[in-house]
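Quick mapping for you: the protein sequence lines, in order, are chains A and B.
The working numbering applies: residue 1 is where the first sequence begins, and numbers increase by one.
The working numbering applies: residue 1001 is where the second sequence begins, and numbers increase by one.
Note that CB positions come from ideal geometry on N, CA and C, so glycine has one too.
The model shown is predicted, which means the values in this text are computed figures rather than measured ones.
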Amino acid sequence: MSHIGAAFSHPGSTVAEAAWDVQAVRADFPILKQKVHDQPLVYLDNAATTQKPEAVLDAIVHFYTADCSNVHRGVHQLSERATEAYERARDKVRRFLNAKDSREIVFVRGTTEAINLVAQSFGRQQLSAGDEIVITALEHHSNIVPWQILCEEKGARLSVVPIDDRGELLMDELEKRLNPRVKLVCAAHVSNALGTINPVREIIRQSHAQGIPVLLDGAQGAPHFRVDVRELDCDFYAFSAHKIYGPTGIGVLYGKSALLEAMPPYQGGGDMISSVTFEKTLYNTLPYKFEAGTPDIAGVMGLGAALDYVTGLRQDRIESYERGLLLYATDALSEIPGLRLIGTAREKAGVLSFVLNGIHPHDIGTVLDYQGIAVRTGHHCAQPVMDRFGIPATTRASLALYNTREEIDALVAGLVKVKETFA
Amino acid sequence: MSILSDLYQEVVVDHSRRPRNFRKISGRVRTAQGYNPLCGDRVQVYVKLDDGRVADVSFEGAGCAISTASASIMTEAVKGKTLAEAQALFDGFHELVTRGEDATSNGASLGKLAVFSNVSHYPARVKCATLVWHTLRSALEGDEGMVSTEQ
Chain A
1 MSHIGAAFSH
11 PGSTVAEAAW
21 DVQAVRADFP
31 ILKQKVHDQP
41 LVYLDNAATT
51 QKPEAVLDAI
61 VHFYTADCSN
71 VHRGVHQLSE
81 RATEAYERAR
91 DKVRRFLNAK
101 DSREIVFVRG
111 TTEAINLVAQ
121 SFGRQQLSAG
131 DEIVITALEH
141 HSNIVPWQIL
151 CEEKGARLSV
161 VPIDDRGELL
171 MDELEKRLNP
181 RVKLVCAAHV
191 SNALGTINPV
201 REIIRQSHAQ
211 GIPVLLDGAQ
221 GAPHFRVDVR
231 ELDCDFYAFS
241 AHKIYGPTGI
251 GVLYGKSALL
261 EAMPPYQGGG
271 DMISSVTFEK
281 TLYNTLPYKF
291 EAGTPDIAGV
301 MGLGAALDYV
311 TGLRQDRIES
321 YERGLLLYAT
331 DALSEIPGLR
341 LIGTAREKAG
351 VLSFVLNGIH
361 PHDIGTVLDY
371 QGIAVRTGHH
381 CAQPVMDRFG
391 IPATTRASLA
401 LYNTREEIDA
411 LVAGLVKVKE
421 TFA
Chain B
1001 MSILSDLYQE
1011 VVVDHSRRPR
1021 NFRKISGRVR
1031 TAQGYNPLCG
1041 DRVQVYVKLD
1051 DGRVADVSFE
1061 GAGCAISTAS
1071 ASIMTEAVKG
1081 KTLAEAQALF
1091 DGFHELVTRG
1101 EDATSNGASL
1111 GKLAVFSNVS
1121 HYPARVKCAT
1131 LVWHTLRSAL
1141 EGDEGMVSTE
1151 Q
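What follows is the structure, given as structure tokens:
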């Protein structure tokens, strides 16, 4: 996987890493300056949502203070500005994903809506009774339930590729599940509960060899490394702005234009039509066919600014820095007696899920919170993953580009205090 | 760590590590299951009634320190009580964990249950403390279905 080794294959990588000034990066995020329970905030819940840099907040405020208007409607100046900025942001997304055409970029509420769109549009059109959808055992509920709903409606079958004890996909099990009845293969790029980076190139290669398209849930992928949809050759890619330093309520569905063209609309309404009479409605062209109603325009401005921010810092540097931090954190946590990491795949990004000495994750979360440390506890919207490991829940620390080694040290000290509390 | 040591008082930690009445009661019992889908906690409550009183009560399940200690202390608190007394305890307890000690004058009558007064400072943990009580009420009402914190 080229993105894994990318940072190390550049001759200048040491220089790039040395030049990573995490304190300067932190200064871009106003929220990080605060204290929680009189302790400096240590925010390690980035897989749930990331914090937003000033540039993103400014873009949203700028839209509402200077350009606020509806898009694709008015002939007036404000609407022209809003429309222009909105479409410019779409092109930023296109470049970010290296898509061929900005018509392949559909704005949605988030990854969840993107997947539902594909299920309800592509899925309802393509699936018949007896057909199959293949997913993996490490999916987030949002890449399970939309397919269950679809399968139930169509009398189709959900086929699940299992994982091993490290949390890695059993690829020979994928191969066994691919057959002419499979209409779509859906996989997380990165597992939100385990941090596993799935071998998506191999998934796509095997699926395409049998003519089956592939959807990637990139909610936890896009924030951590460069995604090139043309190089991957994936058919759909979904991600959320709020997990990559943008605002909540906005996300992206990338789809190959040939697929999107052939798909029926997802929702009906304004903007998605070219003409309406009571007898017949003609749908708009891509991507507007899938963008019914007034979109989250300010959110799109925020997303554009977030992608500018990330690409400005350089994704290879972000990946390299976060990779170093993940290794540091993995080593540090592994030294805590009684702590067991859940998810030890060889290729991981951003996530440290663990259980500790039989102490319930909620108790761990509360004691850490009291020390200013924000982590997620629970099943992480991935109950089948918890069942696979025979546990009801984990504690999850998840990393972002602004986290520091000192914060990992604070987490370790916090966990020692947890153990003392329940010793 | 004052609030924290108040939340996880010695009594709470003790009951969470060595829960009392942690067993199944067989025979003619009322039982119900409680489930918190947010954290996966499950609890099964068994109640044996005799002449309108709680003759025996117990629980099984897995949960956090707060929910386990709450269940353990609850079984001690309601044993021997009439149904009305048990309901009054639940009402007082509910006030305590949602509004804090100051909001209720029931503190004294709640006895050992008062150790949960600081749960009100942790809104995310209120359901941990009340799940077993909702489950008890369901068992007493003869509702054999599952109680969820997210209904």
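Of all residues in the segment 1043-1063 of chain B, only ALA1062, GLY1063 place a beta-carbon less than 8 Å from a beta-carbon of chain A.
Put simply, the backbone Cα of THR311 of chain A is about 14 Å away from that of ALA241 of chain A. Measuring C-alpha to C-alpha distances from TYR1046 of chain B to each of B:ARG1028, B:THR1068, B:GLY1092 identifies B:ARG1028 as the nearest. Considering only A:SER128, A:GLN120, A:GLN23, the residue with the shortest C-alpha distance to VAL145 of chain A is A:GLN120. Of the candidates B:ASN1021, B:PRO1123, B:SER1120, B:GLY1052, the residue whose Cα lies closest to the Cα of ALA1069 of chain B is B:ASN1021. A direct Cα-to-Cα measurement between ARG1030 of chain B and GLY1100 of chain B gives close to 31 Å.
Secondary structure note for PHE354 of chain A: its beta strand (DSSP E) is the uninterrupted segment 351-356. Against chain B, a Cβ distance below 7 Å from PRO337 of chain A picks out nothing, because the smallest value is about 18 Å. Those residues of the segment 352-366 of chain A placed with their C-beta closer than 7 Å to a C-beta in chain B are HIS360, HIS362, ASP363, THR366, ordered along the chain. In the DSSP assignment, THR281 of chain A falls within the beta strand (DSSP E) that extends over 281-283. Between the segment 257-274 of chain A and the segment 87-98 of chain A, the count of Cβ pairs shorter than 8 Å is below three; the stretches do not touch.
With the criterion set as a beta carbon lying under 9 Å from some beta carbon of chain A, the members of the segment 1027-1040 of chain B are PRO1037, LEU1038, CYS1039, GLY1040, in sequence order.
Residue pairing for TYR237 of chain A: DSSP places it in a beta bridge opposite A:LEU216, A:TYR254. Checking the DSSP bridge columns, you'll see ALA48 of chain A has no partner listed. A straight-line Cα-Cα distance of about 24 Å links PHE1093 of chain B and TYR370 of chain A.
Contacts with chain A at 9 Å (Cβ-Cβ) do not include VAL1078 of chain B. Per DSSP, reduced to three states, the secondary structure at VAL134 of chain A is strand.
Nearest CB-CB separation between ARG1018 of chain B and chain A: not below the 9 Å threshold.
Counting only unbroken stretches of 4 or more residues, the alpha helix (DSSP H) elements lying wholly within the segment 342-419 of chain A are 361-370, 383-389, in sequence order. Taking a beta-carbon distance threshold of 9 Å, HIS76 of chain A does not count as an interface residue toward chain B. For the pair VAL185 of chain A and ALA99 of chain A, the Cα-to-Cα distance works out to about 20 Å. Within chain B, the residues placing a beta-carbon under 9 Å from that of PRO392 of chain A are CYS1039, GLY1040, ASP1041, ARG1042, ALA1062, GLY1063, ordered along the chain. Using a Cβ-Cβ cut-off of 9 Å, PHE389 of chain A does not count as an interface residue toward chain B, since no Cβ of chain B sits closer than that to its own. When secondary structure is reduced to three states using DSSP, PHE1093 of chain B falls in the helix class. For PHE96 of chain A, the enclosing alpha helix (DSSP H) has its first and last residue at 77-97. Counting along the chain, ASN1036 of chain B sits inside the beta strand (DSSP E) bounded by residues 1030-1036. Comparing alpha-carbon positions, the option among B:LYS1024, B:ALA1032, B:HIS1015, B:ARG1017 lying closest to GLU1141 of chain B turns out to be B:ALA1032. TYR1122, ARG1125, CYS1128: these are the residues of the segment 1115-1149 of chain B whose beta carbon lies less than 7 Å from some beta carbon of chain A, given in chain order.
DSSP places ALA66 of chain A outside any alpha helix (DSSP H), giving it a letter other than H or E. For TYR1046 of chain B, no alpha helix (DSSP H) run applies; the uninterrupted beta strand (DSSP E) run containing it begins and ends at 1041-1050, by DSSP. Residues are counted here when their Cβ sits less than 7 Å from a Cβ of chain B; for the segment 407-422 of chain A these are THR421, PHE422, given in chain order. Taking a beta-carbon distance threshold of 9 Å, VAL1013 of chain B counts as an interface residue toward chain A.
The beta carbon of ALA345 of chain A sits closer than 6 Å to the beta carbons of ARG166, GLY167, GLU168, THR196 from its chain, once the five residues preceding and following it are set aside; these are given in chain order. By the Cβ test, the segment 300-310 of chain A is not in contact with the segment 144-163 of chain A, since fewer than three Cβ pairs between them sit closer than 8 Å. In the three-state DSSP reduction, ARG340 of chain A falls in the strand class (E or B).
Taking the C-beta atoms as reference points, GLY110 of chain A is found nearer than 9 Å to THR248 of chain A.
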